[in-house]
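Heads up: the sequence shown is residues 353 to 551, going by my numbering.
So the structure is just underneath, and the comments pick up after that.
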Amino acid sequence: MQACRKDTLDTKPKGAGKIGWNFEKFILDRNGFVVARFGSGTKPDAPEVISVIEIELVKQADLAESGPISDSQQPLELNLADYVWENRILIASVKSQGDANYVSFRQDWNGRGKETSDRSLMLVEITENGESRLGNEIIAPASVDRLRNELKIEPGTTTFILVGKDGTEKLRKAKIDLDEIFEVIDAMPMRKREMKEQG
């Protein structure tokens, strides 16, 4: 029995599924999907647990500001081609919402709405074990799978991909911040024209 417990503690659990030992912790989103899971050796007040909870609370606040979402709302069938020449898209594909770089990035994103809006930049959040979203809309699982295949996103990794208005990939990194993204966007000829027109 001790050997079983040691194996469970040494293995980082993923998503929903068989519980290996007492006191494993699951964090669920507002719709009951598992967004993070921690082994029995992780304390409830550990920084990685608190980080995931804080992200989910921020999402709740965003949803409250935008009004209630109907239970009958259909998941979004996301196709990047629909946004060509209209929006730039930043795809944040994360293994876990407790990823330290992602937590920091998401907090920064929430505080810089004007700068992202000025650049017509939308955020697509892809989470391996939980809901994936475009803003407040839940993306259909089939669309998420197709997007992962199209962009060749490796499972179990944190990947940030910037897609320009022309629909092509402009930047791909495992760790990034918004200032770097803005710098890449502002160097684009199309963005320079936009800034000139905006004065």
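From the three backbone atoms N, C-alpha and C, an ideal C-beta is built for every residue, glycine too.
- Excluding sequence positions up to five before and after residue 491, its CB lies within less than 7 Å of the CB of 427, 428, 430, 484 and 485, all in the same chain and listed in chain order.
- Annotation: residue 507 to residue 435 spans about 25 Å, alpha carbon to alpha carbon.
- The continuous alpha helix (DSSP H) containing residue 494 extends over residues 493–502.
- Between the alpha carbons of residue 474 and residue 513 lies a gap of roughly 12 Å.
- Remark: C-beta atoms of residue 375 and residue 386 do not approach each other more closely than 7 Å.
- In the DSSP annotation of this structure, the continuous segment of the alpha helix (DSSP H) that includes residue 533 starts and ends at 530–538.
- Contact between the stretch 438–455 and the stretch 398–409 is present, with at least three C-beta pairs closer than 8 Å.
- The three-state secondary structure of residue 394, taken from DSSP, is coil.
- With contacts defined as CB atoms closer than 7 Å, residue 480 and residue 447 qualify as a contacting pair.
- Inter-residue distance for residue 522 and residue 394 is about 38 Å (C-alpha atoms, whole angstroms).
- It is roughly 17 Å from the alpha-carbon of residue 544 to the alpha-carbon of residue 515.
- The C-alpha of residue 518 lies about 12 Å from the C-alpha of residue 541.
- Residue 512 is bridged by DSSP to 444 and 525.
- The C-beta of residue 437 has fewer than 16 other C-beta atoms within 10 Å across all chains shown, which makes the residue exposed.
- Only residues of its own chain outside the window of five on either side were considered, and among them 458, 459 and 462 have a CB closer than 8 Å to the CB of residue 410, listed in chain order.
- Around the C-beta of residue 381, 16 or more other C-beta atoms lie within 10 Å, and the residue is accordingly described as buried.
- Of 390, 397 and 472, the smallest CA-CA separation from residue 538 is found for 472.
- Taking C-alpha positions only, residue 533 is separated from residue 498 by approximately 24 Å.
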